[in-house]
Amino acid sequence: MNRFFVLLLLVASSNFYTVANDRIQFSGYGSVVGGKVLSGQVDPSGEKEFQVDFYDYAFYTTEFDFEQESMVAVQMRADVVENLSATVQLVAKGADGWSPDVDWAYLSYQVGQNGTLMAGRRMLPMYYFSEYMEVGYAYPWIRPPANLYWWEITQFNGLTYTHSFNFDDWTLNASVFGGRETQRDIKSHDFWRNRGGYYFPPEGTYISGTADVSWSKILGTNLALSNDWIDLRASYFRTHYNTTSDIFFTDELDLNNDGVVDQVIERFFKPDGSRYISGDWALTDFDLDFYGLGGSLAFQYVTLLVDYNYVVYDDGYGSEFPTFYVSLVYNHDVWQPYIGLSSAKLKLTKDWQGFGIGEAEEHQIVTLGVRYNLGSNAAIKLEYNDFSDKGDRLPWYDFSYHNDASLLSVGVDFVF
Amino acid sequence: MIQKISTLAVLTACWIGAVSAEVAVIVHPSNQQAINETYLKNLFTGKQKSFPDGSPAIVLNLPEGDSQQSLFNEKALGKSNAQLKAYWSKVIFTGKGTPPKEVTAAEMLNLVATNPSTIGVIDVSQADKSVRILIQY
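Have a look at this one:
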């Protein structure tokens with residue numbers, strides 16, 4: 001927590017509001033969010049929990065907590081030479097112990113009047129709000145729906161080329177992107193492992209600690225079409241999704257043959273000294289296709305936000321995830337009350353070792369809230385979320401994070 | 417008849433409102449291009465980066481919170497200051513662009529009068545012959 005205040009103090013004292021000079025610009029954003037689970041079913045951990053960020057392993061319990069989603073980010077953009085700029089974004093999150101990470105670092109090259117080539121580390125453009133899902137000030141709610149925005153991978157290293165076309169009052173932004181990303185020691189996998197298992201290794205094998213996830217050969221496209229009241233976006237990408245984890249085997253020794261295990265030996269290393277690693281099979285090594293269509297329609301007083309997505313795994317289960325989100329926001333001068341519904345489903349389309357096919361799980365979040373703009377640099381928000389588990393049908397298991405829970409959160413989002 | 421009078425009164429009020437415009441969009445006198453309101457909106461929201469003739473446009477704003485700028489945002493862009501800030505937050509932090517540079521009214525007049533690539537907003541009473549008024553709100 002101390003680091004957060006140090007960072008805030010730095011921001012406040014160093015006059016970041018002003019442009020340092022014409023070549024270097026500082027800006028930033030942040031959120032202070034607190035929340036508390038009001039009611040729900042007890043998870044296997046013994047707590048009533050509401051998961052809000054899978055990537056950073058943030059969740060609320062019945063104890064009020066304001067470190068799970070509080071964060072601050074500072075962005076520096078520098079003009080290197082004509083048409084070439086460099087952008088770096090440092091992000092410190094409460095859920096991550098306030099240790100600052102370089103979330104973004106890329107070079108941007110202006111190609112002619114309407115083209116931009118970006119090389120480096122950026123947000124992966126998946127869902128409609130993915131590219132700015134952490135910039136709370138830019139959207140009405142406290143967070144985008146947690147049951148959709150749940151991936152371990154949210155950024156990637158690679159190239160993006162965007163070209164904009166203007167015709168009449170319409171603008172079309174077309175982009176292609178490619179790259180890869182690896183996240184190591186992901187805590188959420190440890191979370192799942194401790195609460196009922198994540199995937200199903202052979203008997204006698206145990207997944208040890210956290211897992212590493214890599215998305216390689218990412219290749220995709222975004223098409224965004226907008227005028228002054230409609231903004232539509234179609235997105236597609238494919239990647240190779242691989243999850244690995246250190247594992248160990250246990251040898252149970254019955255030394256005096258009395259039927260009782262006397263000694264357990266854990267074997268982490270192969271005879272050649274390398275570690276046992278799980279992950280090279282059809283449940284943890286497969287291709288992923290992502291399809292999305294979303295947008296916002298701004299009417300005189302009401303804004304309608306929608307997002308429909310379909311994710312297909314070429315894995316052993318033939319997993320398919322249809323998800324959607326719809327939200328209505330009323331735009332008063334300073335007040336923005338809103339409602340929202342998000343829904344996610346998992347369908348198994350291939351029979352994996354007799355596991356069966358069919359709809360395996362489904363969950364929804366109903367959201368009610370209000371945003372109040374404090375001037376033009378900060379907004380205060382109060383939000384209620386009701387997570388309902390629509391059933392973990394056979395052949396699937398009941399994952400703990402799918403239990404019913406309701407959450408009350410309050411937050412302040414700011415930009416500078 | 418009463419209804420007709422009141423309609424007339426409303427129309428007159430609108431007309432007076434139009435005449436007592438307070439904020440002007442200005443360009444260099446040599447820039448004689450016609451720019452419609454949609455094009456203007458696209459320029460000031462960063463969607464359009466050049467003038468209709470294809471030459472690059474440098475868009476300038478008055479400092480944030482300036483009453484003339486707020487009026488322009490409201491009338492021309494249809495956005496409150498907070499809504500516009502939310503829009504730019506999205507653009508800035510996704511690397512899609514940068515908002516118009518902010519300058520004082522004096523700098524605005526000087527820059528637009530001397531640089532044919534610029535376009536900006538100013539209190540209509542401050543717009544002298546050194547600039548061309550494109551439209552006023």
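Just so you know, the protein sequences line up as chains V and D, in that order.
So the first sequence is numbered by our numbering: it starts at 1 and just counts up by one.
So the second sequence is numbered by our numbering: it starts at 417 and just counts up by one.
Ideal Cβ placement from N, Cα and C applies to all residues, glycine included.
> Where do the ends of the beta strand (DSSP E) carrying Q76/V lie?
Replying inline: In the sequence as presented, Gln is not what sits at residue 76/V; that position holds Met. Segment 71-81, the beta strand (DSSP E) holding M76/V.
>> Assess contact between the stretch 354-368 of chain V and the stretch 129-148 of chain V, defined as three or more Cβ pairs (one per stretch) separated by less than 8 Å. Is contact present?
In response: Between the stretch 354-368 of chain V and the stretch 129-148 of chain V, the count of C-beta pairs closer than 8 Å reaches three or more; the two stretches touch.
> Can you tell me whether DSSP reads F460/D as helix, strand or coil?
Replying inline: Looking at F460/D - three-state DSSP - the assignment turns out to be helix.
>> On the criterion of 16 or more Cβ atoms from any shown chain inside 10 Å, does W417/V qualify as buried, or is it exposed?
In response: This structure leaves residue 417/V out entirely; chain V is present only between 1 and 416.
>> Let me see if you follow: with CB-CB separation under 7 Å, is V37/V close to chain D or not?
In response: For V37/V, the nearest beta carbon of chain D is not closer than 7 Å to its own beta carbon.
> In chain V, which residues lie less than 9 Å from I535/D when you measure between Cβ atoms?
Replying inline: The contacting residues do not exist; I535/D stays about 16 Å from chain V at best.
>> Does any residue of chain D have a CB that is nearer than 7 Å to the CB of S27/V?
In response: Interface flag for S27/V against chain D is set, since a Cβ pair is found closer than 7 Å.
>> Taking the straight line between their C-alpha atoms, what separation do you get for T323/V and S343/V?
In response: Distance between the alpha carbons of T323/V and S343/V is about 6 Å.
>> For a contact defined as C-beta to C-beta under 7 Å, what are the partners of A502/D on chain V?
In response: Correct list: Y137, A138.
> Taking a cut of 8 Å between CB atoms, which residues from the stretch 471-497 of chain D lie near chain V?
Replying inline: From the stretch 471-497 of chain D, only P472, E480, G481, G494, S496, N497 have a Cβ closer than 8 Å to chain V.
>> At the 7 Å Cβ level, is E131/V part of the contact set with chain D, yes or no?
In response: Under the 7 Å criterion on CB atoms, E131/V is classed as interfacial with respect to chain D.
> Are there 16 or more other CB atoms within 10 angstroms of the CB of G196/V, so buried, or fewer, so exposed?
Replying inline: For G196/V, the predicted structure reports a pLDDT of 38, less than 50, and the residue's modelled location is therefore unreliable. The matter cannot be settled from this model.
>> In this structure, how does DSSP classify S471/D when only helix, strand and coil are distinguished?
In response: Of the three classes helix, strand and coil, the one that applies to S471/D here is coil, per DSSP.
> Who does D287/V pair with in a DSSP beta bridge?
Replying inline: DSSP lists H240/V as partners of D287/V.
> When you compare only the Cα positions, how much space is there between D351/V and I357/V?
Replying inline: Distance between the alpha carbons of D351/V and I357/V is about 5 Å.
> What does a CB cutoff of less than 6 Å around F156/V pick up in its chain, not counting 5 residues either side in sequence?
Replying inline: By the criterion of a C-beta distance shorter than 6 Å, F156/V is surrounded in its chain by L124, G179, E181, I218, once the five residues flanking it on both sides are discounted.
> Who are S130/V's beta bridge partners in DSSP?
Replying inline: Beta-bridge pairing links S130/V to no other residue.
> Can you list, in chain order, the residues of its chain whose CB lies under 7 Å from that of F237/V, leaving out five sequence neighbours each side?
Replying inline: Result list for F237/V: I218, L219, G220, F290, in chain order.
> Can you name the residues that DSSP bridges to W98/V?
Replying inline: Partner residues in a beta bridge of W98/V, as assigned by DSSP, do not exist.
> Should Q113/V be flagged as near chain D, meaning a C-beta pair shorter than 7 Å?
Replying inline: Q113/V has a beta carbon lying within less than 7 Å of a beta carbon in chain D.
> Beta-carbon of Q449/D versus every beta-carbon of chain V: anything under 7 Å?
Replying inline: For Q449/D, no Cβ of chain V is located within less than 7 Å of the residue's own Cβ.
>> Given a cut-off of 7 Å on the beta-carbon distance, is the pair T534/D and V540/D in contact?
In response: For T534/D and V540/D, no; Cβs fall outside 7 Å.
> Just the Cα atoms here: how many angstroms apart are T461/D and A78/V?
Replying inline: One C-alpha to the other measures close to 21 Å.
> Are any of the Cβ atoms in chain V nearer than 7 Å to that of G511/D?
Replying inline: Yes, G511/D lies at the interface with chain V (some Cβ there is under 7 Å from its Cβ).
> Listing by chain order, which chain D residues have their CB less than 9 Å from the CB of V415/V?
Replying inline: The answer, in chain order, is K501, A502, W504, S505, I508, F509.
>> Short of 9 Å Cβ to Cβ, which residues in the stretch 457-469 of chain D face chain V?
In response: From the stretch 457-469 of chain D, only K457, N458, T461, K463, Q464, K465, S466 have a Cβ closer than 9 Å to chain V.
> Which residues, in order along the stretch 356-378 of chain V, keep a beta-carbon less than 8 Å from a beta-carbon of chain D?
Replying inline: Cβ contacts with chain D come from N373, G375, S376, N377.
>> Could you compute how far the alpha carbon of V547/D sits from the alpha carbon of A440/D?
In response: So the alpha carbons of these two residues sit roughly 11 Å apart.
> According to the neighbour-count rule (16 or more other Cβ atoms, all chains shown, within 10 Å of its Cβ), is W104/V buried or exposed?
Replying inline: It is buried - the Cβ of W104/V has at least 16 other Cβ atoms within 10 Å.
> Exposed or buried, D544/D, counting other C-beta atoms within 10 Å across all chains shown (16 or more means buried)?
Replying inline: Answer is exposed; the Cβ neighbour count stays below 16.
>> What does DSSP give as the partner residue(s) for N385/V in the beta ladder?
In response: Looking at the DSSP assignment, N385/V forms a beta bridge with T367/V, L407/V.
> Can you name the start and end residues of the alpha helix (DSSP H) that Q485/D belongs to?
Replying inline: From DSSP, the alpha helix (DSSP H) with Q485/D extends over 483-491.
> For A58/V, which option in S226/V, D96/V, L374/V has the closest C-alpha, if you only look at C-alpha atoms?
Replying inline: Put simply, of S226/V, D96/V, L374/V the residue whose alpha carbon is nearest the alpha carbon of A58/V is D96/V.
>> Extract the residue ranges of the beta strand (DSSP E) inside the stretch 286-355 of chain V, only unbroken runs of 3 or more that lie entirely within it.
In response: For the stretch 286-355 of chain V, the full-length beta strand (DSSP E) segments reaching 3 residues or more read 302-313, 319-330, 335-348 along the chain.
> Does the beta carbon of T454/D come closer than 7 Å to any beta carbon on chain V?
Replying inline: Residue-level contact by beta carbon holds for T454/D and chain V, with a gap shorter than 7 Å.
> Would you report the Cα separation of N242/V and R275/V, rounded to the nearest angstrom?
Replying inline: Whole-angstrom Cα-Cα distance: 17 Å.
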